[in-house]
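Novice: In terms of this note's numbering, the sequence shown opens at residue 3 and continues consecutively. Ideal Cβ positions, reconstructed from N, Cα and C, are used throughout, including at glycine.
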Amino acid sequence: MWIERLDARHALDYRELMLEAYDLHPQAFTSSVRERAAMPLSWWESRLTNKLDVVLGAFEEGGLAGIVGLAFEPREKARHKVTLFGMYVRGNVRQRGFGYQLVQAALAEAQVHQGLRLIKLTVTAGNDQAFNLYQRCGFVQFGLEPMAVRVGEDYFDKIHMWREVSPL
Ligand SMILES: CC(C)(COP(=O)(O)OP(=O)(O)OC[C@H]1O[C@@H](n2cnc3c(N)ncnc32)[C@H](O)[C@@H]1OP(=O)(O)O)[C@@H](O)C(=O)NCCC(=O)NCCS
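Structure (structure tokens):
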């Protein structure tokens, strides 16, 4: 397995993997498969090429198998923070450390951005696999947003987590 930053060439594979994630795990993500499937390919390309997002992919022989994103802040007073988003590992390669290595790669990427001090994320309450992974990577919970997402008739809370990023 290897991890590399995605660019415009990966837009189709990125789209396919994220639509699979939204479809199979509607409670884990705030975006819905319906609204994302409607976005043109240029929207996915821009996610991979705009200056404020970095998307890292985990590859194995079969192609793109895992993904994680970092969203940086445009405003001066918030530039010390970055948000980890869109974490997904394909079902057939789970529990092999791909998730852990993607988070480590995201942390390493955050570290090289000058002035960056903290990384934050949200995870749906009850998603123990993801929550445990983030805890293993040093994230701690600092809050809980009640009824953060509605999926069908059900509401789910979102746990807010953060960890410091030590400058290099
Ligand atoms: C959460 C998710 C990204 C984790 O990905 P993953 O690649 O399975 O993560 P890892 O392999 O690093 O760790 C998962 C477990 O496998 C274990 N593991 C890792 N390598 C292993 C190995 N070689 N042998 C056995 N177990 C192993 C880890 O210890 C961990 O165990 P734990 O859950 O008891 O802590 C994945 O389950 C996923 O995509 N879920 C659906 C989408 C989702 O919830 N995304 C998060 C949104 S916030």
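When you compare only the Cα positions, how much space is there between phenylalanine 87 and arginine 49?
Specialist: By one-based count along the sequence shown, residue 87 stands at place 85. By one-based count along the sequence shown, residue 49 stands at place 47. C-alpha separation (whole angstroms): 12 Å.
Novice: Given that a residue counts as buried once 16 or more other Cβ atoms are within 10 Å of its Cβ, and exposed if not, what is arginine 36?
Specialist: For the purposes of this step, residue 36 is taken as the residue at position 34 of the sequence shown. It is exposed - the Cβ of arginine 36 has fewer than 16 other Cβ atoms within 10 Å.
Novice: Taking the Cβ atom as the reference point for each residue, do glutamine 131 and histidine 162 lie within a distance shorter than 8 Å?
Specialist: Walking along the sequence shown from the start, residue 131 turns up at place 129. Walking along the sequence shown from the start, residue 162 turns up at place 160. Cβ atoms of glutamine 131 and histidine 162: not closer than 8 Å.
Novice: Looking at the structure shown, is aspartate 9 part of a helix, part of a strand, or coil, going by DSSP?
Specialist: Locating residue 9 in the sequence shown gives position 7, counting from the first residue. DSSP places aspartate 9 in coil when its eight states are reduced to three.
Novice: Is the beta carbon of glutamine 29 closer than 8 Å to that of threonine 126?
Specialist: Within the sequence shown, residue 126 is the residue found at index 124, counting from 1. Within the sequence shown, residue 29 is the residue found at index 27, counting from 1. The answer is yes: Cβ separation under 8 Å.
Novice: Mapping DSSP to helix, strand and coil, what is methionine 20?
Specialist: Within the sequence shown, the letter at position 18 stands for residue 20. Methionine 20 falls in the helix class under three-state DSSP.
Novice: Give the secondary structure of threonine 85 by DSSP, where H, G and I count as helix, E and B as strand, and everything else as coil.
Specialist: For the purposes of this step, residue 85 is identified with residue 83 of the sequence shown, where counting begins at 1. Strand, per DSSP.
Novice: DSSP beta-bridge partners for methionine 163?
Specialist: Translated into positions along the sequence shown, residue 163 becomes position 161. DSSP output for methionine 163 lists Leu123 and Gln143 as bridge partner(s).
Novice: I think histidine 115 touches glycine 59, with their Cβ atoms under 8 Å apart; what is that distance to the nearest whole Å?
Specialist: For this step, residue 115 is matched to residue 113 along the sequence shown. For this step, residue 59 is matched to residue 57 along the sequence shown. Not quite, the Cβ-Cβ distance comes to about 19 Å (not below 8 Å), so this is no contact.
Novice: Helix or strand or just coil, what does DSSP make of leucine 50?
Specialist: The residue you call residue 50 lines up with position 48 of the sequence shown. If DSSP states are grouped into helix, strand and coil, leucine 50 belongs with the helices.
Novice: I need the DSSP call for leucine 104, collapsed to helix, strand or coil.
Specialist: Taking the first residue of the sequence shown as position 1, residue 104 is located at position 102. Reduced to three states, the DSSP call for leucine 104 is helix.
Novice: Beta strand (DSSP E) containing phenylalanine 31: first to last residue?
Specialist: Taking the sequence shown and counting its residues from 1, the one referred to as residue 31 is at position 29. Segment: none, phenylalanine 31 is in no beta strand (DSSP E) and carries neither H nor E.
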